[in-house]
Every structure is written in structure tokens, then in C-alpha cells.
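There are 2 protein chains.
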Amino acid sequence: MDLYSGYISRLIEELSALPGIGNKSAQRLAFYLVNQPKEKVKKLSDSIMEARDKVRYCSCCCTLTDQEICPICANEKRDHHTIMVVENPRDLAAYEKTGKFEGVYHVLHGAISPMLGIGPGDIRLKELMQRLQTEEVTEVIIATNSSLEGETTAMYISKLIKPTGIKVTRIASGVPVGGDLEYIDEITLLRALEGRTEL
Amino acid sequence: MDLYSGYISRLIEELSALPGIGNKSAQRLAFYLVNQPKEKVKKLSDSIMEARDKVRYCSCCCTLTDQEICPICANEKRDHHTIMVVENPRDLAAYEKTGKFEGVYHVLHGAISPMLGIGPGDIRLKELMQRLQTEEVTEVIIATNSSLEGETTAMYISKLIKPTGIKVTRIASGVPVGGDLEYIDEITLLRALEGRTEL
Chain Y
455 MDLYSGYISR
465 LIEELSALPG
475 IGNKSAQRLA
485 FYLVNQPKEK
495 VKKLSDSIME
505 ARDKVRYCSC
515 CCTLTDQEIC
525 PICANEKRDH
535 HTIMVVENPR
545 DLAAYEKTGK
555 FEGVYHVLHG
565 AISPMLGIGP
575 GDIRLKELMQ
585 RLQTEEVTEV
595 IIATNSSLEG
605 ETTAMYISKL
615 IKPTGIKVTR
625 IASGVPVGGD
635 LEYIDEITLL
645 RALEGRTEL
Chain X
455 MDLYSGYISR
465 LIEELSALPG
475 IGNKSAQRLA
485 FYLVNQPKEK
495 VKKLSDSIME
505 ARDKVRYCSC
515 CCTLTDQEIC
525 PICANEKRDH
535 HTIMVVENPR
545 DLAAYEKTGK
555 FEGVYHVLHG
565 AISPMLGIGP
575 GDIRLKELMQ
585 RLQTEEVTEV
595 IIATNSSLEG
605 ETTAMYISKL
615 IKPTGIKVTR
625 IASGVPVGGD
635 LEYIDEITLL
645 RALEGRTEL
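Chains as they are written, first to last, in the working numbering: chain Y, 455 to 653; chain X, 455 to 653.
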């Protein structure tokens, strides 16, 4: 028997298909939504469709935007000779929040993962190589995640770019600021040691 | 500067207003949604509005349903003389999943909380008292949560019902099945002791 109304069950099912939302959270969200004022729920429902409809990839850096060229690529004050390669727009946002990076980005929308069957052709790597041919780039900073997939992608990209003579760098891996050595895994500790700098 | 497109920022803002969804989860959900096929996103957006539009309170037990009377209240095979009082429809669902409760429910949609300014008039208590007058009820089982609010509500309801002569019971509080005594708080341990039964 259907414990709730069919509409609620359907909503719970769809919500629990979202990433990071389990069945319990989906139930909680569904009951919250049906108890909210109608205008508020309509606003959310419309925002979802609108974002899906209007958002597209920047024709330059491939991040998500509602314009042909995203605000960062369109900004002439940024250093267009330095490209930071990130896995997704959230990583771009994380670096933008530091407010210290003056260059531009390239968003791969994923990382190479032989385990999940994601190859170099499945991420926006071709677009990056095209940019390197048409734009005057002096440095490519690879800021993919410090995971197995991120590292694989970084290695792959650096091998691809090196023959062109463009400088390729990788963001440092080490102990996070405020991190307590005692609780940090061995691989990170070794990375921090390898990457030590002179004071 | 708006890092993402305005549509994504708006969606993130609305998603992060939902219960249990912080800013990071909202970002993750928003980017997931704009990357999904349009039909799939439309289905979710429609489900939200549909659930909000079609769902109403059961005119008998006050649970959420899409009919005048919910399937449980409409089921003649259930024992309509025993009413289990719960705080919300999720609690009802939890007991229904046990498959062992034959009676019917009454959903309060909240609990009395002087701290949050929720009084007896803010939950569906009046509807319960009306049912006790018009229906032939022999037992009211109070299954509100074992929290401060739940206990307060249970006490309040039992005092309200006792003069009518109807039997009022409270679900047992104690060590959960599979629970390790070592990790259980003292109040629960004391409750378990008080509620001990002869073997």
C-alpha cells in the first residue's frame, strides 16, 4: 500500500535520485515542500527549470554561464596568458573566492577515470588544446583534485602540453593550513615533505 | 562579481534554504541539475509543484494524502477503536513499515514547544479531541518522539484525555534493539530500568 499520497511518493523518489540525498532526506524535503506556501514552492520549481534552460557552457573556458562568454573570460583585466585547469565550476568558484588568482580558467567537467570508463575524450580536454593553439598562453596551472583521478588527469595533460613548450605547473599538495600532523594521512605527509620549500 | 550565472546563483540560494541542505550541497545539487537531461529536470520540477498542489490533509487523521480520506482511515479492516498519535507523517510511515500495528493514526503535525512558541493550539490536537467525541475509541497510544517536546506533548494529551475515561498509553522508552549499553546515554538507561518487564 502507498503510505503517502502518490504525488509525495513520486516526489520522494525523484528527490532521492539527487546526489547526496538519501531516502530519509528525500522524505524530509518532500514533507517540507508540501507544507510550504505555494509561491515559495513555485519559485523553487521555476528556478530549477530556468537554470536548466538558460545555463550553457562558456565558449571559451567551458564553465557554466548564461552568456556566450563567461564574466571571467570576458574580463580584460584578467591575465589571459595564464590558464588554471580545474575539474568543475565549483573548483573554479573555490579559487575565485581566494581573490588572488588573476588568470583565467579552463573547466574540464570531470577527470580521467579508467575505473569509471571516463577517458580523455569524455572531458573538455580538446577545447583546452584548441585554446593553447589559438591563444597566447605562457603557463597552464593544473588544479585538478588531489585524488587518483585528479592526479591521472594532471599527468595526462602535462604530457600532452609539454611538447608545445608551454610551462605546465601543478598546485602544491601538502598539509592543509591549520592541519594537525597527527591526524594527516601518510601520503599527504610524504607529499608535504617532497614539496618542502626553503625559508 | 557573480561567479556563476545569475540563474545558478538563484537556484543555489533557493536550494540552500531547504532543511538539511547547506551551501556546499546546494552548489553540488545545482550543478548536477543543470547537467541533467531536460526531461529529467522537468519531471522533478513538475513533481514538486504537483505534490504541493494536490496534497492535502486527511479529513480524519490529518496525515498528508491526495484524497479526502487517507487509505489507512478508509480501510475498514483496520481497528478504528485504537488511535496512535504521532508527530508527523514520517513517524506514521515508520510504524506502518513494521506492519504490525492494526489501528489507525492521528497526525499532530508538530509537538508542543514553549521554547519555539508552539502551543497546543498550533498542532492538530483539537481534531484529535473531536475524533474522541464522535468516534468509538477505546485506546489512544501516544507515539510522539522521545524528545523534550515529544514528552511534553504526551503529558499534555494524556491529561486532556484522562477525564474522558479513554485508556491512554505511551510507547516504551529504552535501549534500542542491537544497542550497546556502553554507548547509551544515562537517561535512556534509567528509562529502560524503570520500564523493565518480567520474563
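No residue lacks a Cβ here, since even glycine has one placed at the ideal position from N, Cα and C.
Beta-carbon to beta-carbon, E603(Y) and A565(Y) are separated by about 4 Å, close enough to satisfy the 8 Å threshold.
Using a Cβ-Cβ cut-off of 8 Å, M503(Y) counts as an interface residue toward chain X, since at least one Cβ of chain X sits closer than that to its own.
By DSSP's assignment, S463(X) forms no beta bridge with any residue.
Contact annotation, Y461(X) with A597(Y): C-beta distance approximately 25 Å; criterion of less than 8 Å not satisfied. For the pair I502(X) and V591(X), the CB atoms are not nearer than the 8 Å cut-off. Just so you know, the alpha carbons of C527(X) and S479(Y) end up roughly 26 Å apart. Relative to E648(Y), the option among K580(Y), S627(Y), R578(Y) whose CA is nearest is S627(Y). Between I462(Y) and chain X, the shortest Cβ-Cβ separation is below 8 Å. Going by C-alpha positions, K613(Y) is about 17 Å away from H560(Y). The contact set of P473(X) on chain Y, defined by CB atoms closer than 8 Å, consists of R482, L483, Y486 in chain order.
The beta-carbon of N477(Y) is placed no less than 8 Å from the nearest beta-carbon of chain X.
Straight across, the Cα-Cα distance linking E636(X) with R645(X) is about 15 Å. Between the stretch 543 to 554 of chain X and the stretch 570 to 580 of chain X there are fewer than three C-beta pairs closer than 8 Å, too few to call the two in contact.
Ranked by Cα distance from K531(X), the first of K621(X), G557(X), K508(X), T618(X) is G557(X). For a Cβ distance threshold of 9 Å, nothing in chain Y lies close to L647(X): the least Cβ distance comes to about 30 Å. The stretch 516 to 552 of chain Y is shown to contain whole beta strand (DSSP E) runs of 3 or more residues at 533 to 540, in chain order. For a Cβ distance threshold of 8 Å, nothing in chain Y lies close to K580(X): the least Cβ distance comes to about 19 Å.
If you ignore the 5 residues before and after I466(X), its C-beta comes within less than 6 Å of the C-beta of A480, Q481, A484, all in its own chain and listed in chain order. Residue state for S567(X) is assigned as strand, using DSSP reduced to three classes. Of all residues in the stretch 576 to 607 of chain Y, none is placed with a Cβ closer than 7 Å to any Cβ belonging to chain X.
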